Amino acid sequence: MPATWSESVEKAPTGGGVGAASHASRTTYVPPHLRNRPPLASADHPPSAAVSYAGTLAGNEPQGKGGPVAGGFQSYGSRNDINGGGLSGGGGSASNNRNGGWDRGREREANPFQNDGVAEPEFAVQENSGINFDAYEDIPVETSGKDVPPPVNTFAEIDLGDALNINIKRCKYVKPTPVQRHAIPISLTGRDLMACAQTGSGKTAAFCFPIISGIMKSGQSAQRQPRMPRMAFPLALILSPTRELSIQIHEEARKFSYQTCVKVVVAYGGAPINQQLRELERGVDILVATPGRLVDLLERARVSLQNIRYLALDEADRMLDMGFEPQIRRIVQQMDMPPPGVRQTLLFSATFPKEIQRLAADFLSNYIFLAVGRVGSSTELILQRIEYVLETDKRSHLMDLLHAQRANGVQAKQALTLVFVETKKGADSLEHWLCINGFPATSIHGDRTQQEREYALRSFKSGKTPILVATDVAARGLDIPHVAHVINFDLPNDIDDYVHRIGRTGRAGKTGLATAFFNDSNASLAKPLADLMQESNQEVPAWLTRFAARSSFGGGRNRRGQSGGGRFGGRDFRKDSSYNRGGMDMYGGGSSMNNGYNQSGGYGGGYGSAVTSAWD
DNA sequence: AAAAAAG
Numbered sequence: 000m001p002a003t004w005s006e007s008v009e010k011a012p013t014g015g016g017v018g019a020a021s022h023a024s025r026t027t028y029v030p031p032h033l034r035n036r037p038p039l040a041s042a043d044h045p046p047s048a049a050v051s052y053a054g055t056l057a058g059n060e061p062q063g064k065g066g067p068v069a070g071g072f073q074s075y076g077s078r079n080d081i082n083g084g085g086l087s088g089g090g091g092s093a094s095n096n097r098n099g100g101w102d103r104g105r106e107r108e109a110n111p112f113q114n115d116g117v118a119e120p121e122f123a124v125q126e127n128s129g130i131n132f133d134a135y136e137d138i139p140v141e142t143s144g145k146d147v148p149p150p151v152n153t154f155a156e157i158d159l160g161d162a163l164n165i166n167i168k169r170c171k172y173v174k175p176t177p178v179q180r181h182a183i184p185i186s187l188t189g190r191d192l193m194a195c196a197q198t199g200s201g202k203t204a205a206f207c208f209p210i211i212s213g214i215m216k217s218g219q220s221a222q223r224q225p226r227m228p229r230m231a232f233p234l235a236l237i238l239s240p241t242r243e244l245s246i247q248i249h250e251e252a253r254k255f256s257y258q259t260c261v262k263v264v265v266a267y268g269g270a271p272i273n274q275q276l277r278e279l280e281r282g283v284d285i286l287v288a289t290p291g292r293l294v295d296l297l298e299r300a301r302v303s304l305q306n307i308r309y310l311a312l313d314e315a316d317r318m319l320d321m322g323f324e325p326q327i328r329r330i331v332q333q334m335d336m337p338p339p340g341v342r343q344t345l346l347f348s349a350t351f352p353k354e355i356q357r358l359a360a361d362f363l364s365n366y367i368f369l370a371v372g373r374v375g376s377s378t379e380l381i382l383q384r385i386e387y388v389l390e391t392d393k394r395s396h397l398m399d400l401l402h403a404q405r406a407n408g409v410q411a412k413q414a415l416t417l418v419f420v421e422t423k424k425g426a427d428s429l430e431h432w433l434c435i436n437g438f439p440a441t442s443i444h445g446d447r448t449q450q451e452r453e454y455a456l457r458s459f460k461s462g463k464t465p466i467l468v469a470t471d472v473a474a475r476g477l478d479i480p481h482v483a484h485v486i487n488f489d490l491p492n493d494i495d496d497y498v499h500r501i502g503r504t505g506r507a508g509k510t511g512l513a514t515a516f517f518n519d520s521n522a523s524l525a526k527p528l529a530d531l532m533q534e535s536n537q538e539v540p541a542w543l544t545r546f547a548a549r550s551s552f553g554g555g556r557n558r559r560g561q562s563g564g565g566r567f568g569g570r571d572f573r574k575d576s577s578y579n580r581g582g583m584d585m586y587g588g589g590s591s592m593n594n595g596y597n598q599s600g601g602y603g604g605g606y607g608s609a610v611t612s613a614w615d
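Shown next as structure tokens:
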């Protein structure tokens, strides 16, 4: 067994250990994001790949192609009506209720961009500038549903409004990513949407832009009910499964809505509620929240959902799984929220099992299904290694991996390592063990105080504590730049969780490494894991294949098999006849399947042959 | 059996 990942990385150019060999065999394939990328400094990309692309890299800086963008933003120069609608047109009734006038409110608004690049000076590289957005054209996209609006190619084509366009520019978004190209026009026409999408390519923006734009154009921001001055009436609700993810979405949304009339507030548990209540009292258009705290706020009658026009569920499959479903139903169906068809509902996730799609249909009306991306273009950025490690050997094996990383020297600071364990107790004890052995580690899990959780995440992100031990609280959605290595110290039981965990690395077009410790207790994962690896062009160890054959022999089920390949969720469950009995028209209209079904042209057809994404 | 989400 090759001792370390760094060893295999060093050998990668010539083909060395197992990992390197598997990688070398794939050198001809260049993921779409990386085509035409400028040469990469190998130090920034410890785990592989950079070398392989050197031959095809041309000095083609994406931002140099600013033509369409510059033109796009300027073309909005005459569209004062959009901003005017929000700021002055609606100002009399809406914005004046807050802080005595919109200009005063604006003066007070903290600049959400000011910490960009300051908090992490050593990570000065612009995340976006390395991505060739044009190359995204190759990603397969599938849409279905009635009357799907065509995608756009530039932000300029979309009527988002001046203020939002300026913020898009501030975010250095040059061009819409595939999910944005498709989801934004769909959302702007008011249609409900179920999107299998990739956060790394701008998922948050894909649902935030239409919401912000829609609120601005309506000129109804931050309305208050004079009779109930202490009750907040948000126009949009964004729910997410963890507090940290809600915080992250809030930070993003604040950037997008900077210097607009749109007010974004976040509410989550573990933090003092009084400050959140004060924020809500000052007016809120978009409420980002975790379910528990929102229920609390609803019970206290401090929030009413009666004005909700937009509902977005991030990590929607998680939000609708067993643990969350009752709470979500309570919020969405049993309070005062307008029903489907009145409000607009947007569901986003990378993984969307058919069972969950069926549940989700309860919340949607005549929706469009959208799937973006596939195995070959994302997961291949992550080198997956599975090692057979007995429970008793895990710590010393982990120590070997970390020692090797440390030996890499200076770059080790940037090579953040995220270690997933199964239990909160396990996280605590592993963190403690790492620390007493001289490794700068911290941990995040649900038994730590919210203060500790946020501090741990900050400390990790900044590189101060380059090792983070985490439970699944950190598995989904969190965008942590510079995670070079994800170690599944304990493998999860659900292959979806594995996909989300390893997706914390290899983001924004960078490469990543994912190592997992496998032993007999993970037998049930063998088959789905081997299948997933095969689908993403990873080298599957022979012993794992044997394990998979053995464990699936006894009738071990996995979702991949059930869903007919394509655990990515790349198919609309409405097309599956077993979910569509008796000729019932699941599309919600009078049209036939043929009319209702729309393959977006030019993408070379389906990819039902098992598609997954390591991005969210 | 465990994690997450209210206090």
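Residues 0 to 615 in numbering that gives the first Met the number 0 are what the first sequence spells out, letter by letter.
Cβ atoms here follow ideal geometry from the backbone N, Cα and C, with glycine treated the same way.
Please read these numbers as outputs of a predicted model, since none were measured by experiment.
For residue j and residue i, believed in contact at Cβ under 8 Å, the rounded distance
i, j, result
"T241", "V468", "With a Cβ gap of about 16 Å, T241 and V468 do not count as contacting."
"V498", "L417", "Actually they are not in contact, since the Cβ atoms of V498 and L417 sit about 15 Å apart, beyond 8 Å."
"I183", "I157", "6 Å"
"A252", "C195", "Incorrect: roughly 21 Å between the Cβ atoms, too far for contact."
"N164", "F154", "7 Å"
"A288", "S245", "6 Å"
"V265", "L279", "The pair is not a contact, with the Cβ atoms about 10 Å apart (cut-off 8 Å)."
"H444", "K423", "4 Å"
"V669", "F323", "Since the first residue of the chain shown is 0 and the last is 615, residue 669 is not available in this structure."
Residue i, buried or exposed, once every other Cβ within 10 Å from all chains shown has been counted against 16
i, result
"A548", "exposed"
"M193", "buried"
"A426", "buried"
"M215", "buried"
"L456", "buried"
"E298", "exposed"
"G160", "buried"
"K463", "exposed"
"S220", "buried"
"Q305", "exposed"
"K526", "buried"
"I307", "buried"
"N619", "A query on residue 619 cannot be resolved here, the shown segment of the chain reaching from 0 to 615 and no further."
"K171", "exposed"
"T504", "buried"
"H431", "exposed"
"R447", "buried"
"R500", "buried"
"S395", "exposed"
Residue i: first and last residue of the uninterrupted alpha helix (DSSP H) it sits in
i, result
"V468", "That residue, V468, is in no alpha helix (DSSP H); its beta strand (DSSP E) goes I466 to A469."
"V178", "P177 to L187"
"F459", "Q449 to S461"
"S535", "Unbroken run through S535: none, as it is neither H nor E."
"Q219", "Looking at the DSSP string, Q219 is not in any alpha helix (DSSP H), and its letter there is neither H nor E."
"L616", "Past the edges of the chain, shown from 0 to 615, lies residue 616, and the structure says nothing about it."
"E430", "K423 to I435"
"R107", "W101 to R107"
Residue i: first and last residue of the uninterrupted beta strand (DSSP E) it sits in
i, result
"C195", "L192 to C195"
"T441", "A440 to I443"
"E386", "I381 to Y387"
"S343", "The amino acid at residue 343 is misidentified as Ser; the sequence shows Gln. It spans Q343 to S348 - the beta strand (DSSP E) in which Q343 sits, taken as one unbroken run."
"L236", "A235 to L238"
"A370", "I367 to V371"
"L363", "Neither: L363 is in no beta strand (DSSP E) and is coded neither H nor E."
"F419", "L415 to F419"
Tell me whether the segment 303-317 and the segment 343-355 touch, counting them as touching only if at least three CB pairs, one residue from each stretch, are closer than 8 Å.
Short answer: they touch.
Touch check for the segment 319-329 and the segment 526-545: three-plus C-beta pairs under 8 Å?
no
Which whole runs of the beta strand (DSSP E) in the segment 251-323 are 3 residues long or more, in chain order?
263-266, 285-288 and 309-312
Complete beta strand (DSSP E) runs within the segment 475-532 (minimum length 3 residues, chain order)
482-487 and 511-517
Residue ranges of each alpha helix (DSSP H) run of no fewer than 4 residues wholly in the segment 133-169, ordered along the chain?
Counting only unbroken stretches of 4 or more residues, the alpha helix (DSSP H) elements lying wholly within the segment 133-169 are 161-169, in sequence order.
Decide if the segment 230-248 is in contact with the segment 354-362; the criterion is three or more beta carbon pairs, one per stretch, under 8 Å apart.
no
Between the segment 505-523 and the segment 378-393, do three or more beta carbon pairs fall short of 8 Å?
yes
Whether or not the segment 267-276 and the segment 174-190 are in contact is what I'm after, with contact meaning three or more pairs of Cβ atoms, one per stretch, closer than 8 Å; do they touch?
Using a C-beta cut-off of 8 Å, the segment 174-190 makes no contact with the segment 267-276, since fewer than three inter-stretch Cβ pairs fall below that distance.
Should the segment 479-494 be regarded as contacting the segment 436-455, the criterion being three or more beta carbon pairs within less than 8 Å?
no
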